[in-house]
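Q: Quick one: this structure, given as structure tokens, is what I'll be asking you about.
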Amino acid sequence: MARSKLQRFAFVAGATVSGIILFVVILGWQLAWSPIFDDGPFTGRPVTQLPKTAPSQSFPVKDFLLEVYWPPNDGEAPIVLLRDRDKKIKWAVHAEGMEKTHVTSLEFTQYRSVIDITVRGTVHWTFGHEQMLWVIGRDGTLKEYWYSW
Numbered sequence: 001m002a003r004s005k006l007q008r009f010a011f012v013a014g015a016t017v018s019g020i021i022l023f024v025v026i027l028g029w030q031l032a033w034s035p036i037f038d039d040g041p042f043t044g045r046p047v048t049q050l051p052k053t054a055p056s057q058s059f060p061v062k063d064f065l066l067e068v069y070w071p072p073n074d075g076e077a078p079i080v081l082l083r084d085r086d087k088k089i090k091w092a093v094h095a096e097g098m099e100k101t102h103v104t105s106l107e108f109t110q111y112r113s114v115i116d117i118t119v120r121g122t123v124h125w126t127f128g129h130e131q132m133l134w135v136i137g138r139d140g141t142l143k144e145y146w147y148s149w
């Protein structure tokens, strides 16, 4: 009888410790993709004229394709646009940051899709070469993006 209580206690204690470890791992995994102290959120300036050149980057994300275009004019930020599987453009923005800053280039490198689609990459802007996070809804809407500092 005492042995079964000890086994039950060991099982409950092991399950509790395993649950805590799993929680900490998931929390750490998610926090690495959360813009805690970064600059933003930004939504970009809508593009009035679509680029006529080839993209500098095409990055597949789930059922979408993110495209990056070099800045069309001096002083402007690069253009980022999202296409759906039918190649229809969902949105296109100049990937601007804060007022009195300048974005010269950006590149997407990886993504996760837990709740929304979070795309990570690097940005070269006024404050240097840093990380960025873009949050896209599962329907393809641009929710926001963040630049690190």
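If you count the sequence shown from 1, position 94 lands on 94 in the working numbering, and the numbers rise without skipping. We put the beta carbon where it would ideally sit given N, CA and C, even for glycine.
1) If M132 sits next to W146, beta carbons under 8 Å apart, how far is it from one beta carbon to the other, in whole angstroms?
2) I need the straight-line Cα distance from L82 to F23, nearest angstrom please.
3) Of the choices A13, N73 and S113, whose alpha-carbon is the least far from that of K52?
4) Kindly indicate which three-state DSSP category F127 falls into: helix, strand or coil?
5) Taking Cβ to Cβ, would you say D116 is nearer than 7 Å to V93?
6) G121 and E107: beta carbons closer than 7 Å?
A: The answer reads as follows:
1) For the purposes of this step, residue 132 is identified with residue 132 of the sequence shown, where counting begins at 1. For the purposes of this step, residue 146 is identified with residue 146 of the sequence shown, where counting begins at 1. Rounded, the Cβ-Cβ distance is 6 Å, consistent with contact.
2) To locate residue 82, count along the sequence shown from 1; it is residue 82. To locate residue 23, count along the sequence shown from 1; it is residue 23. Their backbone Cα atoms lie some 33 Å apart in a straight line.
3) Position 52 of the sequence shown, counted from the first residue, corresponds to residue 52. Answer by Cα proximity: N73.
4) As a first step, residue 127 is located in the sequence shown; it is residue number 127 there, counting from the start. In this structure, F127 counts as coil in the three-state DSSP scheme.
5) Position 116 of the sequence shown holds residue 116. Position 93 of the sequence shown holds residue 93. No, these two residues do not count as a Cβ contact at 7 Å.
6) Within the sequence shown, residue 121 is the residue found at index 121, counting from 1. Within the sequence shown, residue 107 is the residue found at index 107, counting from 1. The answer is yes: Cβ separation under 7 Å.
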